[in-house]
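Chemist: After the structure tokens below, expect a handful of questions from me.
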Amino acid sequence: MKLMDFDLYKRFLAEVEEAEYIHLQGWGEPLLHPRLVEMAASAKKIANVGITTNGTLLREEVTRALVEIPIDILAVTFAGARAETHNRYREGNDFNVVFRNVEYLLRIRRGKPEVVAIYMLLGDNYRELPGFVRMAARLGVDRVKVSNLNYLFNTEGASLKAFSDTWEKPREVERAIVEAQQIAREVGVGFVTDNIAPFELAECPETPTKAVFITVDGDVCPCVYLGLPWPEIPRLFNIRLFKIPRTCWGNLKMESLRKVLNSEKAREFRSRFEYRKYNMDVGAIGEPPDVCKTCYRLFGV
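The sequence shown runs 1 to 301 under UniProt numbering.
This is the structure we're talking about:
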């Protein structure tokens, strides 16, 4: 496990005074960083701040500190509405512990943070989604976000997904989502979901025209999916395995963020999506970057 050096983090903050939002999470658990609270407090002086956590380390002292800052968004991930289901996929991440931690957070917060329950939609837990929305409402959660297992690198992982590789939505999964949406409206909980069948977007939900991903080593990448720590990123898409070159534009240890973002590589990447957004209405959508063509996020999944 690698953690971002605090001096590197301070260098990053010094360059993003005009940022609107900073999310302190990549592929790991942010609460493992011993200075996470300090990092969040420093970021909050500049922009709105959020974190995503599995909730295990959301203990009372840390929770109070995050509420005191206060951070703006705290998202907690779940893989089921029951302990049996959740624990099957989250080894070492006990459902009841996470539930109690979120319960405490909601009890002590003073307006902020907005608490989001992220539900990882899988092929054998989608039936629990309506019940999960009811549970979230009883807890006092503000919003439920339904997320797909959208980074796949082998057939074993692909066997767990709930979404379709074709344009036709899986009917049973769709029924569960429609029911969950209705319940959310009835109980007053926000509800957003990824697509469960691919539909090509002008720009993916990672918004590479407005956002970047900074790795623990300071690499500046278009998104978290292209910043994985391998020279070639394995990616399963439509039952085919692809090898995608890791795509980063520079490193904060070597040059300023402004210089990296104004590099030819970065500008060319963003321009592809700017063109697509501008021209989508007239049917001349244009090609996305090659490294994005086999990414489920381009299709809203």
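In this text, a Cβ means the ideal position worked out from N, Cα and C, and glycines have one as well.
#1: Between residue 55 and residue 184, what straight-line distance do the alpha-carbon atoms span, to the nearest angstrom?
#2: So, does the region 127 to 145 touch the region 283 to 292, judging by three or more C-beta pairs under 8 Å?
#3: Can you have a look at residue 90 and say buried or exposed, based on whether 16 or more other CB atoms are within 10 angstroms of its CB?
#4: Do residue 250 and residue 306 count as a contact pair if the criterion is CB distance below 9 Å?
#5: For residue 113, which of helix, strand or coil comes out of DSSP?
#6: Which runs of the beta strand (DSSP E), 3 residues or longer, sit entirely within the region 191 to 249?
#7: Using the Cβ count rule (16 or more neighbours within 10 Å means buried), how would you classify residue 279?
#8: Could you tell me whether the Cβ atoms of residue 232 and residue 244 are closer together than 9 Å?
#9: DSSP three-state call for residue 302: helix, strand or coil?
#10: In this structure, how does DSSP classify residue 133 when only helix, strand and coil are distinguished?
#11: From which residue to which residue does the beta strand (DSSP E) around residue 271 run?
#12: Judging by CA-CA distance, which residue of 194, 109, 208, 7 is the nearest neighbour of residue 277?
#13: Whole angstroms is fine: what's the gap from residue 129's alpha carbon to residue 262's?
Modeler: In short, the structure shows the following:
#1: Residue mapping note: residue 55 aligns to position 55 of the sequence shown, counting from 1. Residue mapping note: residue 184 aligns to position 184 of the sequence shown, counting from 1. Each residue's alpha carbon lies about 22 Å from the other.
#2: No, the region 127 to 145 is not in contact with the region 283 to 292.
#3: Residue numbering aside, residue 90 sits at position 90 when the sequence shown is read from its first letter. It is buried - the Cβ of residue 90 has at least 16 other Cβ atoms within 10 Å.
#4: Summary: the structure shown does not reach residue 306, with the chain confined to residues 1 through 301, and so no result is reported for it.
#5: Indexing the sequence shown from 1 puts residue 113 at position 113. Correct three-state label for residue 113: coil.
#6: Scanning the region 191 to 249 from its first residue to its last, the whole beta strand (DSSP E) runs of 3-plus residues come out as 219 to 221, 232 to 237, 240 to 245.
#7: Start at 1 with the first residue of the sequence shown, and residue 279 comes out as number 279. By the neighbour-count rule (16 or more Cβ atoms within 10 Å), residue 279 is not buried but exposed.
#8: If you number the sequence shown from 1, residue 232 lands on position 232. If you number the sequence shown from 1, residue 244 lands on position 244. Annotated as proximal: residue 232 and residue 244, with beta-carbon spacing under 9 Å.
#9: The displayed coordinates of the chain run from 1 to 301. Any statement about residue 302 would go beyond what the structure contains.
#10: The sequence position of residue 133 within the sequence shown is 133, counting from 1. Shown here, residue 133 sits in a helix according to DSSP, grouped into three states.
#11: Reading the sequence shown from its first residue, position 271 is the one you call residue 271. Note, residue 271: premise wrong, no beta strand (DSSP E); alpha helix (DSSP H) at 264 to 279.
#12: In the sequence shown, counting from the first residue as 1, residue 277 sits at position 277. Closest option to residue 277, Cα to Cα, is 208.
#13: For the purposes of this step, residue 129 is taken as the residue at position 129 of the sequence shown. For the purposes of this step, residue 262 is taken as the residue at position 262 of the sequence shown. Rounded to whole angstroms, residue 129 to residue 262 spans 43 Å at the Cα level.
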